[in-house]
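All remarks here apply to the structure that follows.
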Amino acid sequence: MAKIQPVRGTHDIVGETAARHGHVVAAARDCARRYGFGDIDIPIFEFTPVFARTMGEGSDVVRKEMYSFTDRGGEDITLRPEFTAGICRAFISGGMQQDLPLKFFAHGPAFRYERPQKGRQRQFNQIDAEILGVAGPGADIEIIALGAEILHDLGLLDRCVLELNTLGDPDSRRTYRDALVAYFSDHKDALSEDSIDRLARNPLRILDSKDEGDRKIVRDAPLMADFLNSESEDFFAAVCEGLDVLEIAYNLNPRLVRGLDYYTHTAFEFVTDALGAQGAVIAGGRYDGLIEMLGGPSTPGIGWAGGIERLAMLADNAPAPERPIALVPLGEAAERLALKMCHGLRRDGFVVDMAFRGNLSRRLKRANKLHARAALILGDDEIARNMVTLRNLDDGEQQDVALDDVAAHLRLLPE
RNA sequence: GCGGGUGUAGCUCAGUCGGUUAGAGCGCUAGAUUGUGGAUCUAGAGGUCGGGGGUUCAAUUCCCCUCACUCGCCCCA
75 MAKIQPVRGT HDIVGETAAR HGHVVAAARD CARRYGFGDI DIPIFEFTPV
125 FARTMGEGSD VVRKEMYSFT DRGGEDITLR PEFTAGICRA FISGGMQQDL
175 PLKFFAHGPA FRYERPQKGR QRQFNQIDAE ILGVAGPGAD IEIIALGAEI
225 LHDLGLLDRC VLELNTLGDP DSRRTYRDAL VAYFSDHKDA LSEDSIDRLA
275 RNPLRILDSK DEGDRKIVRD APLMADFLNS ESEDFFAAVC EGLDVLEIAY
325 NLNPRLVRGL DYYTHTAFEF VTDALGAQGA VIAGGRYDGL IEMLGGPSTP
375 GIGWAGGIER LAMLADNAPA PERPIALVPL GEAAERLALK MCHGLRRDGF
425 VVDMAFRGNL SRRLKRANKL HARAALILGD DEIARNMVTL RNLDDGEQQD
475 VALDDVAAHL RLLPE
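First residue of the first sequence? That's 75 in the numbering used here, and the numbers climb one at a time after it.
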């Protein structure tokens with residue numbers, strides 16, 4: 075390591091990027107709040123089984139992407155690769171059964187050991203929403219509507235497509251899975267190497283293969299729709315009907331499957347073609363058996379996660395930062411007075427910048443670089459008259475303002 | 001984990017068919033302007049040419065390895 079470097083797949087988020095990330099989180103949380111979701115903040119690491127058991131021992135995430143380690147007390151710990159399992163664990167440990175239904179919004183970093191690409195880092199940030207304790211399709215409709223509304227608020231909804239599918243209840247899923255295994259086993263010699271591997275581990279995934287040969291075989295594969303029992307069928311119909319009422323467009327995609335074991339019924343992805351291979355910006359589904367898997371009371375759940383980096387790359391409607399007022403003291407007496415004035419104006423709610431050093435010219439240059447609306451120039455002349463020079467930096471107009479009237483005059487300035 | 005591309009100043013990039021002190025634009029610093037920013041002009045700072053090894057009289061340039069980014073696969077947010 076000649077030059078000090080960030081660890082592979084990690085990024086420093088500063089400046090414009092930080093503003094965009096902040097905007098995505100703020101917009102999402104604000105929207106979630108209007109939908110009645112409360113904030114939850116969970117640990118960044120958990121005992122490894124929390125993720126290993128729920129996501130599935132056969133899933134890629136568990137098999138090769140987890141940041142797991144033994145801590146100094148000998149505990150087997152994993153940095154969270156997602157939020158859902160941790161939130162369900164929190165639900166169980168916190169004894170929250172009596173408060174059902176619960177609606178949670180969370181955001182923060184997650185970790186997966188993968189090969190980095192644009193929109194895919196090893197430490198990445200997610201927004202996350204979960205509804206616990208609602209068995210009916212109302213939760214599915216609301217959670218998808220929330221995702222759509224956040225995309226709308228970010229100005230991205232018309233650049234995304236909602237892909238929708240159902241995996242049915244566990245019974246339906248199991249019979250379908252068996253049928254798929256039977257079908258693909260008959261065509262095993264024509265399948266790609268990857269898909270032969272999937273056949274053993276996660277046969278549903280073959281439906282999603284990009285391999286040309288696989289696609290041909292998939293074309294005639296049995297369809298989930300034909301294996302849904304009537305309850306699952308009715309459930310999915312109700313979800314679709316709700317989305318129709320809300321005029322949320324969706325694309326029924328029978329090949330949309332999820333890689334994690336805990337999903338049942340509704341599965342969905344908001345995808346974009348603007349990010350290359352990493353098209354999913356918000357994705358999730360129903361996971362009715364998950365909490366039980368963790369040893370909790372049988373409790374239905376549904377949720378989604380969104381990639382903040384991906385959303386931030388697309389969303390260009392972040393509000394411009396508020397333009398500051400530059401305070402420019404000249405001389406020692408002025409420094410002291412300005413220090414106090416600066417504090418007072420900030421307490422009054424103004425965004426105020428006071429450079430730590432420099433003459434008038436330098437400080438005005440800095441003010442200009444910060445895109446300040448105005449400068450308050452305070453020198454011996456002004457102090458003698460109990461005034462301050464207020465310079466509008468957009469048009470160069472200057473006026474003398476009494477020290478006591480500064481706030482009032484600043485309020486009259488255009489943004 | 002597999003395959004392809006890229007890596008030269010803070011940023012965006014030229015360039016060297018192997019040969020003295022490696023360039024530009026933008027940005028940065030200072031001055032013209034010791035109390036007036038943006039524009040202009042002048043000057044300056046800033047590079048072990050991603051890192052390590054090899055070939056050679058000589059490597060930023062050729063070869064090997066490695067690291068990082070990037071595109072696709074895999075997987076996923």
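Think of the CB as a built atom: it goes at the ideal place given N, C-alpha and C, for glycine as much as any other residue.
Beta-carbon spacing of Leu241, Leu206 below 8 Å:
Locating residue 241 in the first sequence gives position 167, counting from the first residue. Locating residue 206 in the first sequence gives position 132, counting from the first residue. No, they are not a contact pair.
Give a yes or no on whether the C-beta atoms belonging to His95 and Ile87 are separated by under 8 Å.
As a first step, residue 95 is located in the first sequence; it is residue number 21 there, counting from the start. As a first step, residue 87 is located in the first sequence; it is residue number 13 there, counting from the start. Yes, the pair counts as a contact, with Cβ atoms nearer than the cut-off.
Contact between the stretch 295-307 and the stretch 194-208 is defined here as three or more beta-carbon pairs at a separation below 8 Å; is this criterion met?
No, the stretch 295-307 is not in contact with the stretch 194-208.
Smallest Cα separation from Asn460: which of Ala446, Asp479, Thr128 and Leu444?
Taking the first sequence and counting its residues from 1, one reaches residue 460 at position 386. Of the candidates Ala446, Asp479, Thr128 and Leu444, the one whose C-alpha sits nearest the C-alpha of Asn460 is Asp479.
Classify Pro488: buried if its beta carbon has 16 or more other beta carbons within 10 angstroms, exposed otherwise.
Counting from 1 along the first sequence, the entry for residue 488 is found at position 414. Exposed: under 16 other Cβ atoms inside 10 Å.
Taking C-alpha atoms, which residue in Tyr250, Arg329 and Arg194 lies nearest to Glu237?
What you label residue 237 is simply residue 163 of the first sequence in a count that begins at 1. Looking at the Cα atoms, Arg329 is the closest of the given residues.
Distance between Gly453 and Arg485 (C-alpha atoms, nearest Å):
Taking the first sequence and counting its residues from 1, one reaches residue 485 at position 411. Taking the first sequence and counting its residues from 1, one reaches residue 453 at position 379. Taking the straight line from one Cα to the other gives about 22 Å.
Between Thr128 and the rest of its own chain, which residues show a CB-CB distance below 6 Å, the 5 nearest in sequence each way excluded?
Numbered from its first residue, the first sequence carries residue 128 at position 54. Answer for Thr128: Ala159, Tyr336, Leu364 and Met367, listed in chain order.
Where do the ends of the beta strand (DSSP E) carrying Arg465 lie?
Position 391 of the first sequence, counted from the first residue, corresponds to residue 465. Looking at the DSSP string, the run of the beta strand (DSSP E) that includes Arg465 is Met461 to Asn466.
Considering only C-alpha positions, which residue in the set Ala449, Pro183 and Glu267 is nearest to Val425?
Position 351 of the first sequence, counting from 1, holds the residue named residue 425. Answer by Cα proximity: Ala449.
Hey, Asn161 and Ile224 are a contact pair by Cβ (cut 8 Å); roughly how many whole angstroms apart?
One-based indexing of the first sequence puts residue 161 at position 87. One-based indexing of the first sequence puts residue 224 at position 150. The question names Asn, but residue 161 is Ile in the sequence shown. With a Cβ gap of about 18 Å, Ile161 and Ile224 do not count as contacting.
Provide the residue span of the beta strand (DSSP E) that contains Lys443, from first to last.
Stepping through the first sequence from its first residue, residue 443 is reached at position 369. Where Lys443 is concerned, there is no enclosing beta strand (DSSP E), although the alpha helix (DSSP H) it sits in stretches over Leu434 to Lys443.
Going by DSSP, what residue range makes up the beta strand (DSSP E) through Val313?
Working through the first sequence from its first residue, we reach residue 313 at position 239. Boundaries for Val313: no beta strand (DSSP E) harbours it, while the alpha helix (DSSP H) harbouring it runs Ser304 to Val319, taken from the DSSP string.
Nearest to Asp469 (by Cα), restricted to the options Ile451, Ala458 and Arg447
Counting from 1 along the first sequence, the entry for residue 469 is found at position 395. Here the closest residue by C-alpha is Arg447.
Three-way DSSP call (helix, strand, coil) for Lys177 in this model
Against the first sequence, residue 177 aligns to sequence position 103. Of the three classes helix, strand and coil, the one that applies to Lys177 here is strand, per DSSP.
Pull up the CB-CB distance for Asp227 and Ala101, whole angstroms please, since I reckon it's below 8 Å.
Taking the first residue of the first sequence as 1, we reach residue 227 at position 153. Taking the first residue of the first sequence as 1, we reach residue 101 at position 27. With a Cβ gap of about 5 Å, Asp227 and Ala101 count as contacting.
Pull up the CB-CB distance for Leu543 and Met415, whole angstroms please, since I reckon it's below 8 Å.
Absent from the model: residue 543. The displayed extent of the chain is 75 to 489, so no value can be given.
Does the separation of the CB atoms of Arg397 and His445 fall below 8 Å?
On the first sequence, residue 397 is found 323 positions in, with the first residue counted as 1. On the first sequence, residue 445 is found 371 positions in, with the first residue counted as 1. Against a cut-off of 8 Å, the Cβ pair of His445 and Arg397 comes out as a contact.
For Phe111, the three-state DSSP class (helix, strand or coil):
As a working mapping, residue 111 is identified with position 37 in the first sequence. Note: Phe111 maps to coil in three-state DSSP.
Comparing C-alpha positions only, which one of Asp268, Leu278 and Gly423 sits nearest to Leu334?
Taking the first sequence and counting its residues from 1, the one referred to as residue 334 is at position 260. Among Asp268, Leu278 and Gly423, the Cα nearest to that of Leu334 is on Leu278.
Cutting at 6 Å between CB atoms, please list the residues of its own chain near Ala481, excluding the five before and the five after it.
Stepping through the first sequence from its first residue, residue 481 is reached at position 407. Closer than 6 Å at Cβ, skipping near neighbours: Asp422.
Are there 16 or more other CB atoms within 10 angstroms of the CB of Arg189, so buried, or fewer, so exposed?
Within the first sequence, the letter at position 115 stands for residue 189. That one is exposed.
Determine, using beta-carbon pairs with one atom in the stretch 208-221 and one in the stretch 373-383, whether at least three such pairs fall under 8 Å.
Using a Cβ-Cβ distance cut-off of 8 Å, the stretch 208-221 and the stretch 373-383 are in contact, since at least three pairs of beta carbons, one from each stretch, lie closer than that value.
DSSP bridge partner residues for Tyr141 (one or two, in chain order):
Residue 141 sits at position 67 when you count from the first residue of the first sequence. According to DSSP, Tyr141 bridges with Leu153.
Check Arg397 in the structure and name its three-state DSSP category.
Within the first sequence, the letter at position 323 stands for residue 397. In the structure shown, Arg397 sits in coil (DSSP, three-state: anything other than H, G, I, E or B).
Of all the options Arg186, Gly169 and Asp173, which has the alpha carbon lying nearest to the alpha carbon of Leu153?
Looking up residue 153 in the first sequence gives position 79. It is Arg186 whose Cα lies nearest to the Cα of Leu153.
Please state whether the Cβ-Cβ distance between Glu156 and Ala323 is less than 8 Å.
Reading the first sequence from its first residue, position 82 is the one you call residue 156. Reading the first sequence from its first residue, position 249 is the one you call residue 323. Cβ distance not < 8 Å, so Glu156 and Ala323 don't count as in contact.
Which listed residue (Met170, Asp252 and Ile217) has its alpha carbon closest to that of Phe179:
On the first sequence, residue 179 is found 105 positions in, with the first residue counted as 1. Looking at the Cα atoms, Ile217 is the closest of the given residues.
Is the Cβ-Cβ distance between Ser246 and Asn325 less than 8 Å?
Taking the first residue of the first sequence as position 1, residue 246 is located at position 172. Taking the first residue of the first sequence as position 1, residue 325 is located at position 251. The criterion of a C-beta distance shorter than 8 Å is not satisfied by Ser246 and Asn325.
Does Pro403 come out as helix, strand or coil in the three-state DSSP assignment?
Counting from one through the first sequence, the residue named residue 403 turns up at place 329. If DSSP states are grouped into helix, strand and coil, Pro403 belongs with the strands.
Considering only residues of the same chain and omitting the five flanking positions on each side of Tyr250, which have a CB-CB separation below 6 Å?
Taking the first residue of the first sequence as position 1, residue 250 is located at position 176. So the list reads Met298 and Phe301, once near-sequence residues are dropped.
So Thr338 is in the beta strand (DSSP E); what residue range does that whole segment cover?
Working through the first sequence from its first residue, we reach residue 338 at position 264. Segment Thr338 to Val345, the beta strand (DSSP E) holding Thr338.
Spatial neighbours of Ile382 within its chain, please: CB distance less than 8 Å, with the 5 preceding and 5 following residues excluded, ordered by chain position.
Start at 1 with the first residue of the first sequence, and residue 382 comes out as number 308. Counting only Cβ-Cβ distances below 8 Å, and skipping sequence neighbours, we find His95, Val98, Val99, His181, Phe198, Asn199, Gln200 and Ile201.
Pull up the CB-CB distance for Asp288 and Leu265, whole angstroms please, since I reckon it's below 8 Å.
As a working mapping, residue 288 is identified with position 214 in the first sequence. As a working mapping, residue 265 is identified with position 191 in the first sequence. With a Cβ gap of about 6 Å, Asp288 and Leu265 count as contacting.
Quick one: grab the DSSP three-state call for Thr373.
Position 299 of the first sequence, counted from the start, is the residue given in the question as residue 373. Three-state result, Thr373: coil.
Taking the alpha helix (DSSP H) that Val225 belongs to, which residues open and close that run?
Numbered from its first residue, the first sequence carries residue 225 at position 151. It should be noted that the sequence gives Leu, not Val, for residue 225. Its alpha helix (DSSP H) spans residues Pro211 to Asp227.
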